[in-house]
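Everything in the sequence shown is counted per full-length UniProt numbering, starting at 1 for the first residue and increasing by one.
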Amino acid sequence: MQKVRHSSRRPSVDHKQGSKLSRLGDSDNLQLIEDVFGLYYDESGKCHSIKRFTWKNRNKIEVQVINYGARIISMKLPDRKGEIEDIVLGFDDLAGYLHYKKNYFGATIGRVSNAVKNSTFVIDDKQYWLMPNQFPHHVNGGKAGLDQAVWTTYVDDKKVIMSHISPHSSEGYPGDLFVRVSFELSARNEFNIEMDAQCTQPTIVNLSNLTYFNLAGHYQGPDHLYKHILTLNCNCFTPQIYNLPSGEILNVVHTEFDFQIPKMLGKTIGIIPKDGFNQNLCVNRGIHQDDCLVARVLHPPSGRMLEIYSNQWGVNFSTANEFGYGRILSMEQLLPEGSVKIDPTLQLFERVHQALVENLTIDKKNNYEEMRDLLVKIRNKCKKSRCAM
Numbered sequence: 001m002q003k004v005r006h007s008s009r010r011p012s013v014d015h016k017q018g019s020k021l022s023r024l025g026d027s028d029n030l031q032l033i034e035d036v037f038g039l040y041y042d043e044s045g046k047c048h049s050i051k052r053f054t055w056k057n058r059n060k061i062e063v064q065v066i067n068y069g070a071r072i073i074s075m076k077l078p079d080r081k082g083e084i085e086d087i088v089l090g091f092d093d094l095a096g097y098l099h100y101k102k103n104y105f106g107a108t109i110g111r112v113s114n115a116v117k118n119s120t121f122v123i124d125d126k127q128y129w130l131m132p133n134q135f136p137h138h139v140n141g142g143k144a145g146l147d148q149a150v151w152t153t154y155v156d157d158k159k160v161i162m163s164h165i166s167p168h169s170s171e172g173y174p175g176d177l178f179v180r181v182s183f184e185l186s187a188r189n190e191f192n193i194e195m196d197a198q199c200t201q202p203t204i205v206n207l208s209n210l211t212y213f214n215l216a217g218h219y220q221g222p223d224h225l226y227k228h229i230l231t232l233n234c235n236c237f238t239p240q241i242y243n244l245p246s247g248e249i250l251n252v253v254h255t256e257f258d259f260q261i262p263k264m265l266g267k268t269i270g271i272i273p274k275d276g277f278n279q280n281l282c283v284n285r286g287i288h289q290d291d292c293l294v295a296r297v298l299h300p301p302s303g304r305m306l307e308i309y310s311n312q313w314g315v316n317f318s319t320a321n322e323f324g325y326g327r328i329l330s331m332e333q334l335l336p337e338g339s340v341k342i343d344p345t346l347q348l349f350e351r352v353h354q355a356l357v358e359n360l361t362i363d364k365k366n367n368y369e370e371m372r373d374l375l376v377k378i379r380n381k382c383k384k385s386r387c388a389m
């Protein structure tokens with residue numbers, strides 16, 4: 001489970017929005033509204049109505065999700081002066097998400113987030129081959145991952161629950177995988193995301209949400225990215241070779257990845273390759289601990305703060321340095337690729353740490369015990385060797 005706390009194509013698309021408006025829940029503290037974000041025609045020509053759900057609470061927090069990719073498209077909250085800004089990078093219409101699929105804005109990622117090396121893995125002595133989408137590797141679920149699915153939705157009080165069945169052999173994965181993701185905004189400014197999955201065959205699965213944050217709001221530029229103060233509850237990281245985990249787990253002390261003590265990004269972002277971060281780190285949490293603090297981000301000029309809590313073992317921290325766009329992502333305002341070095345966004349999302357993804361499987365009882373036990377062994381080994389403090 002993940003918690004976010006705030007303080008103060010060749011498919012085609014119809015751009016018509018708001019053709020349906022339904023007030024699903026309304027109380028003194030919280031409001032949930034459903035409308036239509038757009039119409040999506042899949043490759044078979046079938047038309048799907050993409051639903052948008054909007055929460056609003058008394059504290060002027062507003063969050064929006066859509067069922068295309070089970071994704072977060074907007075988070076609005078006030079600054080210290082009461083000025084409200086959207087702190088999530090995204091688009092105002094469905095066309096943007098269909099055109100820029102490779103960036104996964106706000107989406108649920110799977111079946112496996114991050115990379116499967118050489119697009120292959122072995123379970124029970126049987127080798128499986130996945131569809132490579134960043135040759136020769138399989139990244140973030142492949143060419144048609146969960147981020148491109150139209151999810152089934154239903155509402156339980158103020159909670160929006162989305163589900164999807166990824167069929168057997170989709171992108172090369174074994175078994176029919178049932179995935180469920182729930183979203184909920186609380187009156188206490190907590191936005192909760194819960195994910196679970198079950199499969200008809202032994203398989204690998206590693207779900208995540210990929211949301212890009214900029215606590216300064218839009219139009220602020222890279223200067224305000226540098227003013228974010230970041231704390232990560234992570235004492236180890238996984239070194240990468242060509243963007244793939246090497247299999248090692250190293251201590252963050254005396255490295256640029258040590259954010260155990262709060263640091264301003266502007267003082268660290270320039271000392272690493274490519275002028276930005278994109279790194280998996282290991283969350284410092286107890287074996288039997290439930291949700292724990294993973295990250296805290298503060299933007300002093302606006303007074304906005306973001307905290308992330310999770311029951312998972314890893315976090316990927318990225319400053320979106322691979323983006324070639326400008327500050328505002330709209331179909332009319334995109335700058336040419338390569339025109340800026342750093343996009344003023346802060347991506348901070350959680351997923352299960354996966355040093356060697358081919359060794360992480362869900363057993364035949366369809367639970368995560370095997371994955372958890374392996375990660376516990378990795379962390380214990382880490383503490384006894386080079387990660388010892």
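C-beta atoms are modelled at their ideal positions from N, C-alpha and C, and glycine is treated no differently.
DSSP state of residue i mapped onto helix, strand, coil
i, result
"His288", "coil"
"Phe349", "In this prediction, Phe349 has a pLDDT of 28, which is less than 50 and means its spatial position is unreliable; nothing more can be read from the coordinates."
"Pro222", "helix"
"Leu298", "strand"
"Tyr100", "coil"
"Asp147", "helix"
"residue 437", "This structure cannot settle anything about residue 437, because the visible part of the chain is limited to 1 through 389."
"Gly270", "helix"
"Ser186", "coil"
"Asn118", "helix"
"Leu215", "coil"
"Asp95", "Asp is not the amino acid found at residue 95; the sequence shown has Ala there. In this structure, Ala95 counts as helix in the three-state DSSP scheme."
"Leu265", "helix"
"Ser49", "strand"
"Met389", "Only weak support is given to the placement of Met389: the predicted model assigns it a pLDDT of 31, under 50, and the value that follows is read from those uncertain coordinates. Coil."
"Asp42", "coil"
"Arg80", "coil"
Cutoff 7 Å; reference residue i; Cβ partners in own chain excluding five residues on either side
i, result
"Gln148", "Gly69, Lys101"
"Thr268", "Glu256"
"Asn133", "Val139, Gly142, Lys143"
"Ser49", "Val36, Leu39"
"Tyr104", "Asn140, Asp147, Leu210"
"His288", "none"
"Gly270", "none"
Residue of the options minimising C-alpha distance to residue i
i, options, result
"Pro222", "Ser170, His299, Asp35", "His299"
"Phe178", "Asn57, Phe237, Pro202", "Pro202"
"Gln240", "Arg52, Asn67, Phe277, Thr54", "Phe277"
"Gly82", "Asn321, Ser302, Val122, Ser169", "Ser302"
"Met195", "Ser169, Val160, Ile229", "Val160"
"Ile193", "Arg180, Ala187, Thr200, Cys199", "Arg180"
"Val155", "Pro136, Phe135, Glu184, Ile109", "Glu184"
"Lys51", "Ile109, Ile73, Ala187", "Ile73"
"Asn321", "Leu225, Asp258, His288", "Leu225"
"Asp92", "Asn114, Ile109, Thr108, Val65", "Val65"
"Asn316", "Ala187, Ile109, Thr200", "Ile109"
"Asp258", "Leu230, Asn209, Asn103", "Leu230"
"Asp176", "Lys158, Thr153, Val205, Asp157", "Val205"
"Leu207", "Thr200, Ser166, Gln220", "Ser166"
Backbone CA spacing between residue i and residue j [nearest angstrom]
i, j, result
"Pro215", "Thr120", "Looking at the sequence itself, residue 215 is Leu, so the reference to Pro does not match. For Leu215 and Thr120, the distance between alpha carbons rounds to 38 Å."
"Arg211", "His138", "Per the sequence shown, residue 211 should be read as Thr rather than Arg. If you take the alpha carbons of Thr211 and His138, they lie about 20 Å apart."
"Pro262", "Arg296", "9 Å"
"Met264", "Asp290", "29 Å"
"Val116", "Asn243", "11 Å"
"Met162", "Asp79", "31 Å"
"His218", "Asp86", "7 Å"
"Leu32", "Leu306", "22 Å"
"Cys234", "His99", "35 Å"
"Glu190", "Lys76", "13 Å"
"Val122", "Trp129", "9 Å"
"Val357", "Asn29", "Legend: pLDDT at Val357 = 36, less than 50; position of this residue unreliable, no value from coordinates given."
"His228", "Gly145", "32 Å"
"Gly247", "Ser318", "20 Å"
"Tyr309", "Val294", "5 Å"
"Glu43", "His168", "19 Å"
"Ile84", "Cys47", "35 Å"
"Tyr41", "Ile61", "32 Å"
"Val252", "Lys126", "36 Å"
"Arg124", "Gly314", "It is Asp, not Arg, that sits at residue 124 in the sequence shown. Each residue's alpha carbon lies about 26 Å from the other."
"Lys364", "Phe213", "Residue placement at Lys364 is poorly supported in this model, since its pLDDT is 43, which falls under 50; the coordinates are not used for a value here."
"Leu250", "Leu232", "15 Å"
Beta-carbon separation (whole angstroms), residue i vs residue j, contact threshold 8 Å
i, j, result
"Gly90", "Val112", "The Cβ separation is near 24 Å, so there is no contact."
"Lys131", "Gly96", "The sequence shown places Met at residue 131, not Lys. Contact doesn't hold; Cβ gap of about 25 Å is too wide."
"Cys282", "Cys236", "4 Å"
"Ala187", "Arg58", "7 Å"
"Pro245", "Asn280", "7 Å"
"Asn114", "Pro136", "Not quite, the Cβ-Cβ distance comes to about 15 Å (not below 8 Å), so this is no contact."
Chain-order list of residues whose beta-carbon lies under 6 Å from that of residue i (same chain, five-residue window excluded)
i, result
"Trp151", "Asn67, Ala70, Met162, His164"
"Val63", "Trp55, Met75, Leu185, Phe191"
"Ala107", "Gly69, Arg71, Asp147, Leu210"
"Thr153", "Lys51, Asn67, Met162"
"Gln347", "Any reading at Gln347 needs caution, since the residue's pLDDT is 31, under 50, leaving its predicted position unreliable; the model's value is listed next. Closer than 6 Å at the Cβ level, and outside the excluded window around Gln347, lie Tyr212, Ser318, Ala320."
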